[in-house]
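Residue numbers (this note's numbering): 74 to 274.
Quick reminder that beta carbons are idealized off the backbone N, C-alpha and C, glycines included.
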Ligand SMILES: [Cu+2]
């Protein structure tokens, strides 16, 4: 969503720049061109060279975005190979925060427990938490999952970090925390459905 907003902003700036250039062609008076742009209903508050925010874009593919119409933004996107090498994951109450589209291969997950309670980071093959086998407390039934359980970090205390690598083939995965004290963390929302795309982003 933020990326879309950024693209929209850049596109607007580009349009404004074009309008400004066109206006300048008919007049040497910069003030006049500025006024004409405002008359168009645009919001040319940002200069053409607006550095913008050095926003880190997550590797989410956006099929709705014609790349050819947003050439300015492509420079800001992290190359997919780099994303595959290291993915930041944050564990909080109650969510797993991570990019939700990754490319296949050996992925290094730098996991941080940004919550108050102990958490861990686990991966299973599957469409979603709801479709995975569960125990009575809402935790995921790893024994039933069998080979579809990919692996996990150790339990991390608040503020703890752990780096772990998984070689992920294309497919659908669920990231989750399977700690259960009464009700499982997964059942409270500490889950995330992730797609490993079979094409380079
Ligand atoms: Cu947890």
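By DSSP's assignment, residue 208 forms no beta bridge with any residue. For the options 175, 166, 168 and 165, the alpha carbon positioned closest to that of residue 159 is the one of 175. In the structure shown, residue 195 falls within a strand segment according to DSSP collapsed to helix, strand and coil. Per DSSP, residue 200 is not a residue of any beta strand (DSSP E), being assigned neither H nor E.
Under a 10 Å Cβ-count criterion, residue 230 is classified as exposed, with fewer than 16 other Cβ atoms of the shown protein chains found around its own Cβ. The beta-carbon distance between residue 224 and residue 239, rounded to whole angstroms, is 6 Å. This is short enough to meet the 8 Å contact definition. Taking residue 191 as the centre and dropping the five residues before and after it, the same chain places the C-beta of 228 and 230 closer than 6 Å to its C-beta, in chain order. In terms of Cα proximity to residue 260, the closest of 215, 241, 209 and 271 is 209. Under DSSP, residue 249 shares a beta bridge with 195 and 264. Cβ contact annotation for residue 236 (same chain, cutoff 8 Å, sequence separation greater than five): 181, 182, 183 and 184, in chain order. Under a 10 Å Cβ-count criterion, residue 212 is classified as buried, with 16 or more other Cβ atoms of the shown protein chains found around its own Cβ. The Cβ-Cβ distance between residue 245 and residue 200 falls below 8 Å. As computed with DSSP, residue 180 is found in a beta bridge with 239. In the structure shown, the three-state DSSP call for residue 217 is helix. Judged by beta-carbon spacing, residue 173 lies beyond the 8 Å limit of residue 241, meaning their Cβ atoms are not closer than that value.
When the five nearest sequence neighbours on each side are left out, the beta carbons in the same chain lying within less than 8 Å of the beta carbon of residue 270 are those of 134, 174, 175, 176, 177 and 243, in order along the chain. Taking residue 206 as the centre and dropping the five residues before and after it, the same chain places the C-beta of 213, 214, 217 and 218 closer than 8 Å to its C-beta, in chain order.
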